[in-house]
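Encoded as structure tokens, the structure appears first; notes follow it.
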Amino acid sequence: MARAMRPIGIVGAGAWGTALANAAALAGNDVILWMRSPEQAAELERTRMNERFLPGARLLDRITPTADLTRLASCCAVLLVTPAQTTRGMTGALSPILPRETPLVLCAKGIERTTGAFLCDVVVEVRPSSPVAVLSGPSFAHDVARGLPTAVTLACRDAARAEDLATALSGPTFRVYHRTDVRGVEIGGAAKNVLAIACGAVAGRGLGESAKAALIARGFAELLRFAHAYGGEPETLMGLSGLGDLVLTCSSAQSRNFSFGLRLGQGATAEAASAGKLVEGAATAGALVALAREKGVDMPIAEAVEKILSGAWTLDHAVAALMNRPIKSEH
Numbered sequence: 000m001a002r003a004m005r006p007i008g009i010v011g012a013g014a015w016g017t018a019l020a021n022a023a024a025l026a027g028n029d030v031i032l033w034m035r036s037p038e039q040a041a042e043l044e045r046t047r048m049n050e051r052f053l054p055g056a057r058l059l060d061r062i063t064p065t066a067d068l069t070r071l072a073s074c075c076a077v078l079l080v081t082p083a084q085t086t087r088g089m090t091g092a093l094s095p096i097l098p099r100e101t102p103l104v105l106c107a108k109g110i111e112r113t114t115g116a117f118l119c120d121v122v123v124e125v126r127p128s129s130p131v132a133v134l135s136g137p138s139f140a141h142d143v144a145r146g147l148p149t150a151v152t153l154a155c156r157d158a159a160r161a162e163d164l165a166t167a168l169s170g171p172t173f174r175v176y177h178r179t180d181v182r183g184v185e186i187g188g189a190a191k192n193v194l195a196i197a198c199g200a201v202a203g204r205g206l207g208e209s210a211k212a213a214l215i216a217r218g219f220a221e222l223l224r225f226a227h228a229y230g231g232e233p234e235t236l237m238g239l240s241g242l243g244d245l246v247l248t249c250s251s252a253q254s255r256n257f258s259f260g261l262r263l264g265q266g267a268t269a270e271a272a273s274a275g276k277l278v279e280g281a282a283t284a285g286a287l288v289a290l291a292r293e294k295g296v297d298m299p300i301a302e303a304v305e306k307i308l309s310g311a312w313t314l315d316h317a318v319a320a321l322m323n324r325p326i327k328s329e330h
């Protein structure tokens, strides 16, 4: 992939899309940042500030905001930074525009709720024979936008393409490692959001740091079991896109999933706890648990989150159920 010749495309100008646009520009790329609203694109071009989603972060000069999806046809790669449940629709909209060889890099973290499909499989279904990659890891949009040191993982089954994409996106404060284990990277990103809800609920109910640490450790064990069942590599899950992302998301109120769980723990309903914002872990929980059951994977924490969200259990019921499971060897 020619570096700094053809632009990088970013689909979605929310907080993460805007932060990734700045990171790509800082790495030496021209960037085309697409959003749905022509009015918002014109405003962003004029002010260079995305105050709605990322207050205080100025858009770098190499970034061109647009609402014209066809502008992405010239890009060497396109990062899809829209919610997980819109992946199928957005991929379909991009398919007649992007050349077959243009890589689509998934930056959302989730599982398609209606089909239980992993997002990379959704893209392959819509764009057969076209390259797909996934970007994931411990990263908050505000940190990346402020130029704070951040490291993530990009996976593509084509090892050379994975290295090219990682090199193109890496800059002075944004380091991208590369792997070929697409399944492991996307599982780490999707599952940790569900576990972060549980950790937030523990904090909101005031159950203590010991309980939160235990939940992270046992949640990671669930993540490993699930990934193994679906072909993820253990080394991937021990890295940035697995353990690293889990620790960050399960320990900070900057995480939307943790904050959602925090409000649940404080007694809010699921609707009130979302505060009108998308919570990827809540959208993914049911699909994750269903996939685990298909393979006979034991995921009691994820199941407890799903039952709380469905209204089948209260938080107190979930805690009692987890604490009263049969005693067994840790591994």
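First residue of the sequence shown: 0, per numbering that gives the first Met the number 0; consecutive thereafter. For each residue, glycine too, the CB sits at the ideal point set by N, CA and C.
In this structure, valine 278 and phenylalanine 259 form a Cβ contact; the two beta carbons are roughly 5 Å apart against a cut-off of 8 Å.
Within the same chain, Cβ atoms closer than 6 Å to the Cβ of aspartate 29 are found at Pro6, Arg61, the five residues on either side in sequence being excluded.
Exclusion of the five residues before and after threonine 81 leaves Val10, Gly11, Met89, Ala107 as the residues of its chain whose Cβ lies within less than 7 Å of its Cβ.
At a Cβ-Cβ threshold of 8 Å, arginine 145 and alanine 56 count as neighbours. By the Cβ rule, the segment 178-192 counts as touching the segment 109-123, because three or more pairs are nearer than 8 Å. In this structure threonine 283 is buried. Its beta-carbon is surrounded by 16 or more other beta-carbon atoms within 10 angstroms. Across the structure, glutamine 39 and methionine 298 are spaced so that their CA atoms are roughly 42 Å apart. Around the beta carbon of alanine 289, fewer than 16 other beta carbons sit within 10 angstroms, so the residue counts as exposed. By the neighbour-count criterion, in which 16 or more other beta carbons inside 10 Å mark a residue as buried, serine 128 falls on the exposed side. CA-to-CA, the gap between alanine 20 and alanine 272 works out to about 29 Å.
Rounded to whole angstroms, the Cβ separation of alanine 26 and serine 135 is 18 Å, and the two are not in contact under 8 Å. Taking 8 Å as the upper bound for CB-CB distance, alanine 18 and alanine 140 are in contact here, some 4 Å apart. DSSP places glycine 8 within a strand segment (E or B) once states are collapsed to three. In the same chain as arginine 255, and ignoring 5 residues on each side of it, the C-beta atoms closer than 8 Å to its own belong to Lys276, Leu277, Val278, Glu279, in chain order. The three-state secondary structure of phenylalanine 139, taken from DSSP, is coil. Secondary structure note for leucine 58: it is in no alpha helix (DSSP H), with a DSSP letter that is neither H nor E.
Rounded to whole angstroms, the separation of the alpha carbons of serine 240 and glutamate 185 is 8 Å. A contact between stretches requires three or more CB pairs, one per stretch, nearer than 8 Å, and the segment 151-162 fails this requirement with the segment 207-214.
In the three-state reduction of the DSSP assignment, phenylalanine 259 falls in the helix class, which pools H, G and I. In this structure, valine 104 sits near leucine 78, with a CB-CB distance shorter than 8 Å. With fewer than 16 neighbouring CB atoms inside 10 Å of its own CB, serine 36 falls in the exposed class. Assignment of beta-bridge partners to histidine 177 by DSSP yields Leu153. Taking isoleucine 215 as the centre and dropping the five residues before and after it, the same chain places the C-beta of Cys249 closer than 6 Å to its C-beta, in chain order. Secondary structure at tryptophan 33: strand, using DSSP grouped into helix, strand and coil.
Threonine 268 counts as exposed, since fewer than 16 other C-beta atoms from the protein chains shown sit within 10 angstroms of its C-beta. DSSP, reduced to helix, strand and coil, places threonine 114 outside both helices and strands of the structure shown, so it counts as coil. Non-local beta-carbon contacts of proline 148 in its own chain, meaning distances under 6 Å to residues more than five positions away in sequence, involve Thr172 in chain order. The C-beta of lysine 294 has fewer than 16 other C-beta atoms within 10 Å across all chains shown, which makes the residue exposed. Between proline 102 and leucine 32 a beta carbon distance of about 17 Å is seen, past the 8 Å cut, so the two are scored as non-contacting.
Secondary structure remark: continuous alpha helix (DSSP H) runs of at least 4 residues inside the segment 188-258, in chain order: 208-228, 233-236, 244-248.
Non-local C-beta neighbours of valine 246 in its own chain, meaning closer than 8 Å and more than five positions away in sequence, comprise Pro137, Ile215, ordered along the chain.
Here the C-alpha atom of isoleucine 96 lies approximately 18 Å from the C-alpha atom of proline 64. With respect to the 8 Å criterion, threonine 85 and valine 122 are not classified as neighbours on the basis of their beta carbons. Using a 10 angstroms sphere on the CB of methionine 4, the tally of other CB atoms stays under 16, which defines it as exposed.
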